[in-house]
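Undergrad: Residue 217 in this note's numbering is what sits at position 204 of the sequence shown, and the numbering runs on without skipping anything.
For glycine and all other residues, C-beta sits at the position ideal for the given N, C-alpha and C.
Only a predicted model underlies this, so the values are computations on that prediction, with no experimental measurement involved.
Quick one: this structure, given as structure tokens, is what I'll be asking you about.
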Amino acid sequence: MDSGFVDLHVHLLPGVDDGPPDLDATLELAGLEVADGVVAATATPHVASVDVAELPWRVAEVNAALAKAHIPLVVEAGGELGVRGVPRLSAEELELIAHGPADARWILLEAPLDGAMRTLHGAADQLRAAGYGIVLAHPERCLPLFDDDMRGLMRELERGSLAQVSSSSLLGLHGIRARRNAARILAGGHAGLLASDAHGPRRPPCLTAALRAACELGLGVEQARALCADRPRALLQEGLRPLAPASGSSYVAGSDVSVVRRPPFGVAAAPS
């Protein structure tokens, strides 16, 4: 896992949500991940669609099938938690979808596609109060986050959430507005990481293509690669610590805070 991409958002588990319908389809998607340069991934089913208690054995089953098929992909259990699902999960269930070491656990929280901003911020605050850092899944697809000069998104970033831009958005698979928003996040230096949000052959990983698109926005190759490799790897290994409200400091993900919160990029303006 020391080289190659690390994909922290992929719907890889068979037969649980809108990802692969069966194990054969899971193996096909895993092959696409490997072909795209991914060496490790977190299986992130929609939490509302799966019994969280089953995630460890479901992921173990996938890893066993990958080994048998000689597909060199390491999969970790996780979940994409919808904002309305936060109050419904127990402390034990939150731990089953969280990542990172014991003192720096974080959760992938879905930016709601219906634009429920109050619910989003309330859910994020609840997770922070419970001690979790937050990686915000595909914020570029939650259009109200970009109203009033990105006021909603900046609220989350200022509280330490990391913006996970999806490769599919950056490449235009979710429409022009999502693409523009993704470019705006990247060009403004606000992206914490890139992930695929892949679901299958019709929505493949495409992280290599997204890396090229990020470079076209003005990021250097190493800076763009960090979004797909170094930063997600640091999140798994070193975690994400909640921001103390009065401290004024940044979240921590890896040894260099600036890599996560204040990327020293000189980048071009996002396309209009």
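1. Pair every Cβ in the segment 113-124 with every Cβ in the segment 132-146, then say whether three or more of these pairs are closer than 8 Å.
2. Give, in chain order, every unbroken run of the alpha helix (DSSP H) that is at least 4 residues long and sits entirely within the segment 98-163.
3. Which residues share a DSSP beta bridge with alanine 204?
4. Is the beta carbon of arginine 141 sitting closer than 7 Å to the one on proline 255?
5. Tell me whether valine 47 sits in a helix, a strand or coil according to DSSP, three-state version.
6. Would you say proline 218 and leucine 40 are within 7 Å of each other, going by their C-beta atoms?
7. Could you give the first and the last residue of the continuous alpha helix (DSSP H) run that contains glutamate 235?
8. Should the segment 26-38 be regarded as contacting the segment 61-72, the criterion being three or more beta carbon pairs within less than 8 Å?
9. Report all residues from its chain with a CB closer than 6 Å to the CB of valine 23; omit the five preceding and five following residues, and keep chain order.
10. Bridge partners for valine 88 per DSSP, in chain order?
11. Among Thr221, Leu183, Ala73, which residue has its Cα nearest to the Cα of alanine 200?
12. In angstroms, rounded to a whole number, what distance separates the CA positions of cysteine 228 and aspartate 116?
13. Would you say leucine 206 and arginine 164 are within 7 Å of each other, going by their C-beta atoms?
14. At what residues does the beta strand (DSSP E) containing valine 23 begin and finish?
TA: A quick look at the data gives this:
1. yes
2. 104-110, 130-142
3. Ala176
4. yes
5. helix
6. no
7. 234-241
8. yes
9. Ala54, Ser209, Ala211
10. Ala54
11. Leu183
12. 34 Å
13. no
14. 18-23
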